[in-house]
Amino acid sequence: MGWALALHGGAGRISKSSISPAAREASETVLQEFLDAGCAALSEGKSALDVVELVVRLLENCPLFNAGVGAVLTQRGTVEMEASIMDGATRKSGAVSGVSTVVNPISLARLVMEKTPHVYLAFEGAEAFAKDQGVETRDESYFITPGNKERLAKALEAGLVLLDHSVSTDGPEHGGSREVLQADGHSGRDYPYANGHAANGHPIAAGAEFE
Amino acid sequence: TVGCVAVDINGHCAAATSTGGLVNKMVGRIGDTPLIGAGTYANEFCAVSTTGKGEEIIRCLCAKEVASLMEYKYLPLKEATDTVIWKKLGEGNGGLIAVSSTGEVAMTFNTLGMFRACATEDGHRQIGIWK
Numbered sequence: 107m108g109w110a111l112a113l114h115g116g117a118g119r120i121s122k123s124s125i126s127p128a129a130r131e132a133s134e135t136v137l138q139e140f141l142d143a144g145c146a147a148l149s150e151g152k153s154a155l156d157v158v159e160l161v162v163r164l165l166e167n168c169p170l171f172n173a174g175v176g177a178v179l180t181q182r183g184t185v186e187m188e189a190s191i192m193d194g195a196t197r198k199s200g201a202v203s204g205v206s207t208v209v210n211p212i213s214l215a216r217l218v219m220e221k222t223p224h225v226y227l228a229f230e231g232a233e234a235f236a237k238d239q240g241v242e243t244r245d246e247s248y249f250i251t252p253g254n255k256e257r258l259a260k261a262l263e264a265g266l267v268l269l270d271h272s273v274s275t276d277g278p279e280h281g282g283s284r285e286v287l288q289a290d291g292h293s294g295r296d297y298p299y300a301n302g303h304a305a306n307g308h309p310i311a312a313g314a315e316f317e
Numbered sequence: 033t034v035g036c037v038a039v040d041i042n043g044h045c046a047a048a049t050s051t052g053g054l055v056n057k058m059v060g061r062i063g064d065t066p067l068i069g070a071g072t073y074a075n076e077f078c079a080v081s082t083t084g085k086g087e088e089i090i091r092c093l094c095a096k097e098v099a100s101l102m103e104y105k106y107l108p109l110k111e112a113t114d115t116v117i118w119k120k121l122g123e124g125n126g127g128l129i130a131v132s133s134t135g136e137v138a139m140t141f142n143t144l145g146m147f148r149a150c151a152t153e154d155g156h157r158q159i160g161i162w163k
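Chains A and B are the protein sequences, given in the same order. If you're matching positions, the first sequence starts at 107 in the numbering used here and goes up one per residue. If you're matching positions, the second sequence starts at 33 in the numbering used here and goes up one per residue.
(1) Check for me: the alpha helix (DSSP H) holding A:Tyr226 runs from which residue to which?
(2) Buried or exposed: B:His156, going by 16 or more other Cβ atoms within 10 Å of its Cβ?
(3) Take every Cβ of the segment 226-243 of chain A, pair it with every Cβ of the segment 204-216 of chain A, and state whether three or more of those distances are shorter than 8 angstroms.
(4) Using the three-state DSSP reduction, which class does B:Ile62 fall into: helix, strand or coil?
(5) Output needed for A:Leu98: all residues of its chain with C-beta closer than 8 angstroms, excluding positions within five of it in sequence on either side, in chain order.
(6) What residues in the segment 111-137 of chain A bring their beta carbon closer than 9 angstroms to a beta carbon of chain B?
(7) Does the beta-carbon of A:Pro211 have 16 or more other beta-carbons within 10 angstroms, so that it is buried, or is it exposed?
(8) Comparing the C-beta of A:Leu217 with each C-beta of chain B, is any distance below 8 angstroms?
(9) Taking 8 angstroms as the limit between beta carbons, can you name the residues of its chain near A:Glu159, skipping five residues before and five after?
(10) What residue range does the alpha helix (DSSP H) around A:Ser133 cover?
(11) DSSP three-state label for B:Ile90, please.
(12) If distances are taken between C-alpha atoms only, which option among A:Ala177, A:Glu150 and A:Thr196 comes closest to B:Asn56?
(13) Just the Cα atoms here: how many angstroms apart are B:Phe77 and A:Glu131?
(14) Let me know the secondary structure DSSP gives A:Phe171 once reduced to three states.
(15) Going by Cα to Cα distance, which pick from B:Gly135, B:Thr140 and B:Asn125 is closest to B:Thr115?
(16) Which chain A residues are close to B:Ala74, counting only those with a beta carbon under 7 angstroms from its beta carbon?
(17) When we look at the beta-carbon of A:Glu220 and count the other beta-carbons within 10 Å, is it buried (16 or more) or exposed?
(18) Alpha carbon to alpha carbon, how far is B:Val80 from B:Met170? Give it in angstroms, no decimals.
(19) Answer with yes or no whether the minimum CB distance from A:Pro169 to chain B is below 8 angstroms.
(20) Counting only Cβ pairs nearer than 7 angstroms, list the residues of chain E close to B:Asp154.
(21) Can at least three beta-carbon pairs, one atom from the segment 233-243 of chain A and one from the segment 254-264 of chain A, be found at a separation below 8 angstroms?
(22) Keeping to the same chain, check which residues put their C-beta closer than 6 angstroms to that of A:Val209; ignore five residues upstream and five downstream.
(23) By DSSP, does B:Glu97 sit in helix, in strand, or in coil?
(24) Return the chain-ordered list of same chain residues with a C-beta closer than 8 angstroms to the C-beta of B:Trp162, the five sequence neighbours on each side being excluded.
(25) Against chain B, with Cβ distances strictly below 8 angstroms, would A:Gln239 count as a contact?
(26) Tell me where the alpha helix (DSSP H) around B:Val116 begins and ends.
(27) A:Lys346 to A:Gly183, Cα distance in whole Å?
(28) Taking 8 angstroms as the cut-off, decide whether the C-beta atoms of A:Ala154 and B:Ala38 are in contact.
(29) Taking the alpha carbon of B:Leu54 as the point to measure from, which residue in A:Phe249, A:Ala189, A:Gln181 and A:Leu164 has its own alpha carbon closest?
See below:
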């Protein structure tokens with residue numbers, strides 16, 4: 107028995123051929139770095155609650171992943187981020203949805219848990235609470251990457267409603283294809299998303315898959 | 033989606049999850065991430081953070097299901113996570129990371145890959161994308 111830690115940056119239809127060596131290396135490097143940060147904090151005796159917030163903040167601040175900077179866009183091109191946190195020792199929890207200016211939604215979720223009698227705040231209420239608490243906020247444009255604007259434009263062009271089924275929103279910006287639900291309700295596959303480069307400059311492999 | 037679960041030197045567990053949701057999602061859509069019990073859960077037995085097809089994860093109440101299997105059926109962590117991911121959540125729909133209060137770690141997914149990393153106090157470390 108001792109401390110233990112795990113972290114993730116999303117799951118989906120990520121084939122080995124869908125990720126360029128550069129993108130793979132970048133992903134593994136940051137996973138290693140964030141794992142080290144979490145392990146160091148646990149070794150120093152920090153609480154599990156502090157450590158999960160710390161690590162998720164790092165992931166939110168990394169544009170490779172779909173949270174915080176690099177969060178994907180709604181049909182209207184807006185950002186609506188969501189986060190939650192739970193302390194197993196007390197079973198206290200906090201959550202936020204629909205925030206578009208909060209740099210670290212996970213920390214706002216923790217404030218909901220610790221500073222309110224509630225579990226979950228959303229949209230205008232969550233934004234107002236963020237301002238009251240003085241958490242760091244940025245203009246919505248701070249969160250929007252060129253890669254995510256491009257993906258949304260292609261989805262809108264094709265008139266497709268995407269199913270939350272594959273990788274694009276749950277993994278680094280690898281580009282690719284996805285299962286889709288067409289506007290008429292029929293399902294289709296392999297809508298091509300792989301072209302150009304991710305916002306972070308990593309090459310996207312042709313034929314890559316993402317959610 | 034991103035997430036982290038941890039158990040500290042006192043055996044206390046915690047979980048956290050954060051996301052931007054889906055490309056081209058409807059305005060106002062809420063996924064599993066902020067729903068306690070679906071995308072995130074922690075109690076005195078374990079902590080869980082999920083990722084994948086949000087609507088399916090909500091329907092399965094994946095995170096709480098893992099905790100319930102441990103609490104009420106006394107399953108070990110790995111067996112509980114395997115049961116939820118492979119028997120409840122449809123194939124290709126996602127994955128989760130979990131730790132138990134006794135320091136076990138599970139990173140289970142039924143998609144082609146999941147960006148993941150874990151470490152334990154006894155020196156075990158793992159970083160991976162694919163199975």
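C-beta: ideal position from N, C-alpha, C; glycine also.
Based on what the coordinates show:
(1) That residue, A:Tyr226, is in no alpha helix (DSSP H); its beta strand (DSSP E) goes Tyr226 to Ala228.
(2) exposed
(3) yes
(4) coil
(5) Because residue 98 of chain A is not part of the residues shown, which for chain A are 107 to 317, the question remains open.
(6) Leu111, Ala112, Leu113, His114, Gly115, Gly116, Ala117, Gly118, Arg119, Ile120, Ser121, Lys122, Ser124, Ile125, Arg130, Ser133, Glu134 and Leu137
(7) buried
(8) no
(9) Ile191, Ile212, Ser213 and Arg216
(10) Pro127 to Ser149
(11) helix
(12) A:Ala177
(13) 34 angstroms
(14) coil
(15) B:Thr140
(16) Met192, Asp193 and Gly194
(17) exposed
(18) Nothing can be reported for residue 170 of chain B: it is not among the residues displayed for chain B, which extend from 33 to 163.
(19) no
(20) Judged by its chain identifiers, the structure shown contains no chain E, and its protein chains are A and B.
(21) no
(22) Glu242 and Arg244
(23) helix
(24) Leu144 and Gly145
(25) no
(26) Element bounds for B:Val116: n/a, residue is neither H nor E.
(27) With chain A covering only 107 through 317, there is no way to say anything about residue 346 of chain A.
(28) yes
(29) A:Gln181
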